[in-house]
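*Asks:*
There are 2 protein chains.
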Amino acid sequence: MRVLGIDPGLTRCGMGVVEGSVGRPLTLVDVNVLRTSSDLPVAERLVTIEKGVEAWIEEHRPDAVAVERVFARSDISTVIGTAQASGIAMVVAARRGLPVALHTPSEVKAAVTGNGRADKAQVGAMITRILRLERPPKPADAADALALAITHIWRGGAQSRIDAAVAAAGRRTR
Amino acid sequence: MRVLGIDPGLTRCGMGVVEGSVGRPLTLVDVNVLRTSSDLPVAERLVTIEKGVEAWIEEHRPDAVAVERVFARSDISTVIGTAQASGIAMVVAARRGLPVALHTPSEVKAAVTGNGRADKAQVGAMITRILRLERPPKPADAADALALAITHIWRGGAQSRIDAAVAAAGRRTR
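Quick note, the sequences are listed as chains A and B, same order.
Under the numbering used here, the residue at position 50 of the first sequence is numbered 55, and the numbers go up by one with no gaps.
Under the numbering used here, the residue at position 14 of the second sequence is numbered 19, and the numbers go up by one with no gaps.
#1: If you measure beta-carbon to beta-carbon, which residues of the region 40-56 of chain B are closer than 7 Å to chain A?
#2: Kindly indicate which residue of A/G119, A/L138, A/Q89, A/A152 has the alpha-carbon position closest to the one of B/G14.
#3: Would A/T53 be called buried (16 or more neighbouring beta carbons within 10 Å of its own) or exposed?
#4: For the alpha helix (DSSP H) that contains A/D149, what are its first and last residues?
#5: Got a sec, what are the start and stop residues for the alpha helix (DSSP H) A/L33 sits in?
#6: Kindly list, in the order they appear in chain A, the residues whose Cβ is closer than 7 Å to that of B/M95.
#7: If the criterion is Cβ atoms closer than 8 Å, does the pair B/A94 and B/V58 meet it?
#8: Within its chain, find whatever has a CB closer than 7 Å to the CB of A/T118; leave out the 5 residues flanking it on each side and keep chain order.
#9: Using the C-alpha atoms, what's the distance from B/T16 back to B/R40?
#10: Mind pulling the chain A residues with CB within less than 9 Å of B/V84?
#11: Spell out whether any CB of chain A is found under 8 Å from the CB atom of B/I11.
#12: Quick check on B/A123: does DSSP put it in helix, strand or coil?
#13: Check whether the Cβ atoms of A/A98 and B/A48 sit closer than 8 Å, and answer yes or no.
#14: For the region 144-160 of chain A against the region 58-78 of chain B, do three or more pairs of beta-carbon atoms, one drawn from each stretch, fall closer than 8 Å, so that the two count as touching?
#15: Please report the straight-line C-alpha distance between A/T87 and B/V23, rounded to a whole angstrom.
#16: What are the start and end residues of the alpha helix (DSSP H) that includes A/V23?
#17: By a C-beta neighbour count over all protein chains shown, 10 Å radius and 16 as the cutoff for buried, is B/K143 buried or exposed?
#18: Bridge partners for B/D12 per DSSP, in chain order?
#19: Mind pulling the chain A residues with CB within less than 8 Å of B/R100?
#20: Are the beta-carbon atoms belonging to B/L153 and B/D12 less than 8 Å from one another?
Spelled out as structure tokens, the structure:
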């Protein structure tokens with residue numbers, strides 16, 4: 006399966022596409038960081054993110070999208086913009102019928118390093134090894150997006166199938 | 006001018022359309038509350054909000070959209086969903102080229118009651134008087150959406166023109 010991982014943010018939004026399945030080597034398909042200037046009105050910045058995620062899905066045709074879950078207790082200076090960017094990413098995927106899964110930062114760290122409190126360097130080192138890269142992906146938002154995609158594949162298609170069934174049931178009863 | 010006010014929320018999203026200009030009587034055009042079930046995945050709920058706001062703009066053709074500004078210090082149990090819903094509302098308006106303005110809850114209270122700390126009953130009473138209604142709009146999300154639209158008209162087209170110019174300048178330099 007091919008998964009698009011999104012580390013949402015208003016200033017930097019990481020997007021990473023990984024292909025593979027549980028128990029097989031995973032492959033990096035593409036990775037990018039969408040940037041929007043803080044000089045622009047928020048509405049304009051969100052439209053840029055919408056277009057960027059849309060174009061990326063169009064180009065890479067993922068089977069599922071994994072977005073980092075945002076918490077109210079996250080960094081207070083950026084939490085609103087991060088939540089808004091995550092909402093846009095989720096809508097772009099869901100309105101195309103793609104399954105959307107949310108993973109927390111500690112679930113992601115635990116999945117790729119075995120330690121839910123691993124630091125950025127450790128996550129970067131494991132991503133490099135798992136995807137057989139020459140060096141850790143930069144910036145951190147790119148690495149985090151890839152880690153989300155890897156986590157989603159490793160947590161298994163089972164969860165995606167459950168989410169898709171719930172989404173389909175929701176559509177039927179609406 | 007015709008303004009769509011949006012009080013964003015994942016469970017209840019208030020939308021109110023008001024027409025008029027500074028120094029003239031204002032008219033209620035329409036008011037509604039979009040609801041989404043907490044049983045559905047967040048991505049699906051956000052898609053429902055996107056479609057609802059889209060349909061409402063299509064139907065009422067506002068000249069501007071006023072959205073309540075969300076703060077990181079807002080109610081911690083709902084702040085992420087509120088921020089996501091506000092982001093969707095802003096994107097739907099901005100991608101159609103509509104000016105989007107943000108007003109804080111205290112700016113809205115101050116505009117309609119003269120007191121930035123007015124309670125819900127006082128805001129409801131003033132909305133009823135300003136729009137010459139028979140009774141206060143219910144629920145509170147509907148009243149808040151109308152209060153946002155009124156605030157936007159009263160704060161004047163000047164701000165909208167500044168926002169539009171900034172947005173246009175942003176588009177040119179991109």
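Ideal Cβ positions, reconstructed from N, Cα and C, are used throughout, including at glycine.
*Replies:* Once the coordinates are examined:
#1: L45, P46, V47, A48, E49, L51, V52, E55
#2: A/Q89
#3: buried
#4: 145-159
#5: First-last for A/L33: 32-40, but that is the beta strand (DSSP E), not the alpha helix (DSSP H).
#6: V47, A48, L51
#7: yes
#8: Q127, V128, M131
#9: 5 Å
#10: A77, V84, I85, A88
#11: no
#12: coil
#13: yes
#14: no
#15: 31 Å
#16: Segment 17-24 is the beta strand (DSSP E) holding A/V23; no alpha helix (DSSP H) there.
#17: exposed
#18: B/G19
#19: V52, E55
#20: yes
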